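Data first, discussion second: the structure below is written as structure tokens.
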């Protein structure tokens with residue numbers, strides 16, 4: 001009889017634990033159904049996105065030309 005596929009992989013759990021640590025979580029739980037629960041503390045600081053450099057994204061001139069062509073089309 002073949003093994004059934006895992007509901008949660010070891011990589012999924014590792015990613016959840018890493019993200020929980022960054023968020024200041026107090027606990028990470030995985031139940032038998034494969035549901036990952038992360039308990040955050042009340043004092044957990046909000047996470048800033050990694051690319052939050054304050055810059056505003058502006059499309060390149062080539063992309064702007066392409067968008068103008070497709071809008072009028």
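Residue numbers (this note's numbering): 1 to 73. From the three backbone atoms N, C-alpha and C, an ideal C-beta is built for every residue, glycine too. As the structure is a computational prediction, the values presented were derived from the model and not from experiment.
Please check the pair residue i and residue j, which I expect to be a contact at CB under 8 Å, by giving their CB distance rounded to whole angstroms.
i: residue 23; j: residue 36; result: Not really, about 13 Å apart at Cβ, beyond 8 Å.
Would residue i and residue j qualify as a contact pair, given that the criterion is a beta-carbon distance under 9 Å?
i: residue 41; j: residue 19; result: no
i: residue 34; j: residue 6; result: yes
i: residue 27; j: residue 14; result: no
Excluding sequence positions up to five away, which residues of its chain have a Cβ less than 7 Å from the Cβ of residue i?
i: residue 21; result: none
i: residue 29; result: 37
What residue does the alpha helix (DSSP H) around residue i start on, and which one ends it?
i: residue 13; result: 10-23
State the start and end residues of the unbroken beta strand (DSSP E) segment that holds residue i.
i: residue 38; result: 36-40
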